[in-house]
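For reference, the structure discussed in these notes is given below.
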Amino acid sequence: MKAFLHSFFFLFIISLCSFLTLNNLQALDSYTVRVEGDIDPDLMQLLESASQLILLRESPPATPTGLRARAEADIDNFLKALHSQAYFNAKVTLDYNFEQSPPTVFVIVDSGPVYPLAAFEILKAPDCSGSQFPYETIELCELGIEIGSPALPKNILVAEESLIHLLEAWGYPLATIKKREVLADQTEQDVLVALYVDSGPLAYFGPTQIYGKGCVRQSFFEKKIAWSAGQAYDPYFVERTQMALEASGLFSSIAIRHAEETDCEGILPMEIEVVEGKHRSVGWGVTYNTERGPGVTAEWENRNKYGSGEKLSADIDLWREAQTAHLAYIIPDYQCVGQDWLWLAEFQHEKTRGYTDIFFSLSSIIERQLNPNLRISYGSTYKWLHDLRSDTNGIYNLFKIPLAMRWSNANSVLDPTRGRTINLKITPTAELLGRQFGYCTATLVTSSYYPLSHSEQWVLATKLMLGSIFGSGRRTIPASERFYEGSENTLRGYHYQTVSPLNAHNKPIGGRSMFIYTAEMRVRATETLGWVLFSDIGNVYAATFPQLDHKLLKSVGFGLRYHTPVGPLRFDFAVPLDRRRHLDPRFQVYISIGQAF
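FYI, in the numbering used here the residues of the sequence shown are 1307 to 1903.
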C-alpha cells in the first residue's frame, strides 16, 4: 500500500510538471506593446524606434517566458534612448497581461527631468608636458556648447570633434582628447563635463612625399600643392590641395596625410598618395525633340596629354539641320596656379527658319579661378562666317574679344539643389575686311536654387536671362549674331530659334535685346525618379534694351527626370501659351541629359 501511494504521488508530480511545461510552451501567435507615461510625441517616436520589443512584433517568441526575456532585455534600449535626450534619472518598468489574446506587454516609463549642462571644461591632460596651448581661450560657443541647455550626449561628441578641428585649424594637427569625464549629478540633477586634451606641438608643413603618381610629372603636383614648406599648418591648404587634385580628373583616389609626430623644430612631414585613373575617355549619346528630330553626340578626351594635366578634347553634335564640332586644348596652371590657357577651334553649319550659317572660329582664352566661387576669362577670337537665307547675306571676318565672369556657389553642375550662379559675358566684335563696323554683345544669366525641404526633395529653380547688342544698326550686324530664342532650354514649346522680331513674311530676323525668365518646381520622388513643373516667359526685341511693355510669350509644361551618377536624363513636354499661327507647334517634346539649367 505504501509503495502504491509513493508511485501515485510520483505520477501526479510528473503530470503536474508536464501540464505546467506544456502551458508555458504554448506558442505565441502575436503580442502587443503599450508604452505608458508622460511622454511627448517626439520622445515616443524615439523610444519606439529603439525598442526591439516593438520592432520584432512580427516575429514573436515561442513562449511567454521568451516574451518576458525579450522585454527585460529591452529595458537597456529604452534607457539608452532616454539618456540620449538627457533624461539621466529615467526609470523603466514592465508589466504583462497574458490573460487576453494576444498578450500585452506594458512598458511604464518615468522619464524624470531633463538634465541641463551645468559645466563644460577643457583642461590640459595631466600626462602631456609639451603642450602649451592656452585652453582657457577657447569659447564654448565655438564648439556649439551652451551652458544650461539639455546635456545631450550627441552634442558632447560633436563638441569633441569641433575641438579637434579647431585645434587643427590653429596649427595643432596632432591634438587628441586623452580623457572624457561626464558626471550626471543626481542631487543637483545636472551634468558636468570635463575634457582632458593634449594639443601636441605647434606644427609647420614639412617636406612632401608623393606616392603612386605614375606618368604624372612631379611638377604637376608641385603646382597643385597649396602649402609651402615651413608654413604654419592649416587644414585649409590641405583641403585646397585635395580639391585641386580631384578637379584634374587624373586620379581615382587621393589621400593626403601628415606624419604621426613632428621633429624637434615642429616640422611635420606630409604625404600624398594617389591612384592614377584612366586619362582617356570616349562617350556618345542621343538626344531628341519633336522639331529638330533625333540628334547624335560623340566626344573624346585625353586629360594628361604630356604628363602635366594638359587636356585635349574633341566633340561633335549631329542633327538633321545642324552640325557642330569642337577641338580644345587646355594648358593648366599657365604661368600661375589656377590659371588655364585654352585653345579652341569650332565649326558649325546650321539651318533655321531665319538664316543658314556656316562658320569656323579659332580662340585663345585665359581662364583664371580667383577664388572657389569666382572665375574670369578673357582672350581673342577670329571667326569666319558665311550667312545665307537672311537679310544680311555675305561672308564676314570677325575679330572678337570675349570677356566673361562666372560666380557660383551651386552644389552641382548637372543637378543643383541649392545655391546661385551668375554668368556675365561681354564680347566686343569688329569686322576686319570689307565694310568695317563694330558692335558689342552683352548677356547676363542668373540661376538660383531654393530647397523647400530639409532633404532637398523639393527645389524651386529660377533663371533670368538678359541680353543686349549695341553699336552698329541691326541690318549691319550679321543675322546669325543676333538674338533668337526658343529651344530645349529657353522658351520651351516655341519653334526652334524663332522667338525674335518677324518680318512681313513671318520670318525671324533676330533681335538686339532679350528678356527670358524661367521657374521650375523640381521634385525628387525616389532615389532615381523625379518630376518637374515649369513655366517660361520672355521675348526678343528689335530695340537695344528689352521692352517689357511689349508682348511677352509664355509657355508651361512638365517633365520627368531619371537620375544617374552622371546627371539626370531629361524628358520635357512643353506647350506654348501664345502660339503664333503657322509658326509654332501645339507642343514640343525634348529628351536630353542634365537639368534645363
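In this text, a Cβ means the ideal position worked out from N, Cα and C, and glycines have one as well.
For residue i and residue j, I'd like the C-alpha separation in whole angstroms.
{"i": "residue 1405", "j": "residue 1339", "result": "15 Å"}
{"i": "residue 1331", "j": "residue 1354", "result": "At residue 1331 the pLDDT is 43, less than 50, meaning the model places this residue with poor confidence; the figure from the coordinates comes in the next sentence. Whole-angstrom Cα-Cα distance: 28 Å."}
{"i": "residue 1666", "j": "residue 1741", "result": "20 Å"}
{"i": "residue 1767", "j": "residue 1572", "result": "50 Å"}
{"i": "residue 1618", "j": "residue 1602", "result": "21 Å"}
{"i": "residue 1781", "j": "residue 1697", "result": "7 Å"}
{"i": "residue 1804", "j": "residue 1695", "result": "14 Å"}
{"i": "residue 1496", "j": "residue 1427", "result": "15 Å"}
{"i": "residue 1861", "j": "residue 1609", "result": "41 Å"}
{"i": "residue 1592", "j": "residue 1749", "result": "29 Å"}
{"i": "residue 1662", "j": "residue 1548", "result": "47 Å"}
{"i": "residue 1389", "j": "residue 1844", "result": "58 Å"}
{"i": "residue 1604", "j": "residue 1587", "result": "11 Å"}
{"i": "residue 1531", "j": "residue 1544", "result": "8 Å"}
{"i": "residue 1516", "j": "residue 1536", "result": "18 Å"}
{"i": "residue 1664", "j": "residue 1624", "result": "14 Å"}
{"i": "residue 1739", "j": "residue 1785", "result": "18 Å"}
{"i": "residue 1756", "j": "residue 1335", "result": "50 Å"}
{"i": "residue 1842", "j": "residue 1827", "result": "12 Å"}
{"i": "residue 1446", "j": "residue 1528", "result": "39 Å"}
{"i": "residue 1488", "j": "residue 1500", "result": "7 Å"}
{"i": "residue 1900", "j": "residue 1557", "result": "24 Å"}
{"i": "residue 1812", "j": "residue 1887", "result": "9 Å"}
{"i": "residue 1797", "j": "residue 1824", "result": "8 Å"}
On the three-state DSSP scale, how would you describe residue i?
{"i": "residue 1841", "result": "strand"}
{"i": "residue 1376", "result": "helix"}
{"i": "residue 1819", "result": "strand"}
{"i": "residue 1796", "result": "coil"}
{"i": "residue 1383", "result": "helix"}
{"i": "residue 1889", "result": "coil"}
{"i": "residue 1774", "result": "strand"}
{"i": "residue 1918", "result": "Residue numbering for the chain in the displayed model covers 1307 to 1903; residue 1918 lies beyond these limits and cannot be assessed."}
{"i": "residue 1421", "result": "coil"}
{"i": "residue 1448", "result": "helix"}
{"i": "residue 1802", "result": "coil"}
{"i": "residue 1671", "result": "strand"}
{"i": "residue 1438", "result": "coil"}
{"i": "residue 1959", "result": "Not covered by the structure: residue 1959. The range shown for the chain is 1307 to 1903."}
{"i": "residue 1730", "result": "strand"}
{"i": "residue 1360", "result": "helix"}
{"i": "residue 1646", "result": "strand"}
{"i": "residue 1293", "result": "This structure leaves residue 1293 out entirely; the chain is present only between 1307 and 1903."}
{"i": "residue 1814", "result": "strand"}
{"i": "residue 1319", "result": "Bear in mind that a pLDDT of 48 at residue 1319, under 50, signals an unreliable position, so the number given afterwards is only what the model happens to contain. Reduced to three states, the DSSP call for residue 1319 is helix."}
{"i": "residue 1718", "result": "coil"}
{"i": "residue 1351", "result": "helix"}
{"i": "residue 1874", "result": "strand"}
{"i": "residue 1757", "result": "strand"}
{"i": "residue 1749", "result": "strand"}
Strictly under 9 Å for the Cβ-Cβ distance: is residue i near chain D by that measure?
{"i": "residue 1635", "result": "Going by chain labels, chain D is absent from the structure shown, which holds only one protein chain."}
Quick test of your reading: residue i and residue j, contact by CB under 8 Å. State the CB separation rounded to the nearest angstrom.
{"i": "residue 1576", "j": "residue 1511", "result": "6 Å"}
{"i": "residue 1660", "j": "residue 1814", "result": "4 Å"}
{"i": "residue 1744", "j": "residue 1777", "result": "5 Å"}
{"i": "residue 1866", "j": "residue 1877", "result": "5 Å"}
{"i": "residue 1430", "j": "residue 1416", "result": "That belief does not hold up - the Cβ atoms of residue 1430 and residue 1416 are roughly 40 Å apart, past 8 Å."}
{"i": "residue 1794", "j": "residue 1822", "result": "The Cβ separation is near 13 Å, so there is no contact."}
{"i": "residue 1392", "j": "residue 1458", "result": "5 Å"}
{"i": "residue 1730", "j": "residue 1710", "result": "7 Å"}
{"i": "residue 1702", "j": "residue 1691", "result": "4 Å"}
{"i": "residue 1898", "j": "residue 1849", "result": "Wrong, their Cβ atoms sit about 32 Å apart, outside the cutoff."}
{"i": "residue 1800", "j": "residue 1859", "result": "7 Å"}
If we count the other Cβ atoms within 10 Å of its Cβ and call it buried at 16 or more, is residue i buried or exposed?
{"i": "residue 1771", "result": "buried"}
{"i": "residue 1455", "result": "exposed"}
{"i": "residue 1485", "result": "exposed"}
{"i": "residue 1357", "result": "buried"}
{"i": "residue 1902", "result": "buried"}
{"i": "residue 1590", "result": "exposed"}
{"i": "residue 1394", "result": "buried"}
{"i": "residue 1421", "result": "buried"}
{"i": "residue 1769", "result": "buried"}
{"i": "residue 1467", "result": "exposed"}
{"i": "residue 1425", "result": "exposed"}
{"i": "residue 1880", "result": "buried"}
{"i": "residue 1465", "result": "buried"}
With a floor of 3 residues, list each beta strand (DSSP E) that falls wholly inside the segment 1451–1538, ordered by position along the chain.
Runs of the beta strand (DSSP E) lying entirely within the segment 1451–1538 and spanning at least 3 residues, in chain order: 1482–1491, 1496–1504, 1510–1517.
Could I get the ranges of all uninterrupted alpha helix (DSSP H) runs contained in the segment 1532–1574, with 4 residues as the minimum, in chain order?
Positions of the alpha helix (DSSP H) runs, each at least 4 residues long and wholly inside the segment 1532–1574, are given as 1541–1554 in order along the chain.
Can you list, in chain order, the stretches of the beta strand (DSSP E) that have 3 or more residues and sit fully within the segment 1574–1612?
You should have 1586–1595, 1599–1608.
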